[in-house]
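In the working numbering, the protein residues as written are 5 to 270.
Glycine included, C-beta positions come from ideal geometry on N, C-alpha and C.
If you're wondering where the values come from, they're calculated on a predicted model, not measured in any experiment.
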Amino acid sequence: MLQSLCCYCITKLMDAYFGLSGKDPAAQLKWIVTDWKIKSAAEYVKSRLPEVLKQHLQDYEKDKENSVLSYQTILEQQILSIDREMLEKLTVSYDEAGTTCLIALLSDKELTVANVGDSRGVLCDKDGNAIPLSHDHKPYQLKERKRIKRAGGFISFNGSWRVQGILAMSRSLGDYPLKNLNVVIPDPDILTFDLDKLQPEFMILASDGLWDAFSNEEAVRFIKERLDEPHFGAKSIVLQSFYRGCPDNITVMVVKFRNSSKTEEQ
């Protein structure tokens, strides 16, 4: 069903993206990680998580019927494992870097999306509707605000609502000083979607820079009108976000679907 993908970036050396396609479900991974301090956190996740996930997914595929695991549990376990691994290294070097992580896994007739942070996925269904694939982890959300307060933390407004007055999101990978306080956590939200029901035309995976300039519905309309462009509209929407005055780093991946198991990448 997955046809092709294109990714376009305007960054300050803070974004990393990864796309891996193949015939087996274990290889149908697309994601974006966004580092907001220095490049190390996003690069670490990019260098480690793809192969770790691919190996676990391939092992799962070999004995799926007898396994107690699922795509959801594998994604959750490996994301949390990478966070623990990264925190050990960052703490030793006093590196305060952190990153979001947004992963889309295409398997059989399902799309499984795991999200940590405020990168966001949106899908365009057969009727042109914008279907949210993830929900941003922001400190002002009631659930997150209560959790932060229970941990002894606080949120304050400094341009945007921030955990301990520092971080503009409530979940991330890395960020060891806030992790030590347990006010920021790495736990992903994982959602599964029925592709037969949705019959998607394309999906957008993007860092928060895009969503500062576009709503979900605006982004879907914008890309839908530009799918015939060489970058499936990814370059155009990044540039438009920049022209609208977005000061943040911007990474956009557009994944185009069709009723075929063949894949191409540009």
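For Leu115, the uninterrupted beta strand (DSSP E) run begins and ends at 114-120, by DSSP. Between Pro190 and Asp99 a beta carbon distance of about 16 Å is seen, past the 8 Å cut, so the two are scored as non-contacting. When the beta-carbon positions are compared, Met90 and Tyr48 come within less than 8 Å of each other. One Cα belongs to Val256, the other to Thr95, and the distance between them is close to 31 Å.
Rounded to whole angstroms, the separation of the alpha carbons of Ala172 and Lys153 is 16 Å. Taking Pro136 as the centre and dropping the five residues before and after it, the same chain places the C-beta of Val126, Asn220 closer than 7 Å to its C-beta, in chain order. Here the stretch 161-168 makes no contact with the stretch 73-82; the two share fewer than three CB pairs at distances below 8 Å. When secondary structure is reduced to three states using DSSP, Phe226 falls in the helix class. Note on geometry: alpha-carbon atoms of Asp129 and Ser97 lie some 45 Å from one another. The C-beta separation of Gly132 from Lys68 comes to about 34 Å, leaving the pair out of contact by the 8 Å criterion.
Here the stretch 238-251 lies against the stretch 205-223, with 3 or more beta-carbon pairs under 8 Å apart. About 17 Å separates the beta carbons of Ala155 and Gly102, which is beyond the 8 Å limit, so they are not a contact pair.
Counting of Cβ neighbours within 10 angstroms places Phe236 among the buried residues, the total reaching 16 or more. In this structure, DSSP gives Asp67 a state outside helix and strand, which the three-state scheme calls coil. In the structure shown, Leu53 falls within a helical segment according to DSSP collapsed to helix, strand and coil.
Listed as beta-bridge partners of Pro234 by DSSP are no residues whatsoever. Rounded to the nearest whole angstrom, the C-alpha separation of Leu209 and Lys239 is 13 Å. Burial is judged here by how many other beta carbons sit within 10 angstroms of a residue's own beta carbon; Glu148 has at least 16 and is buried.
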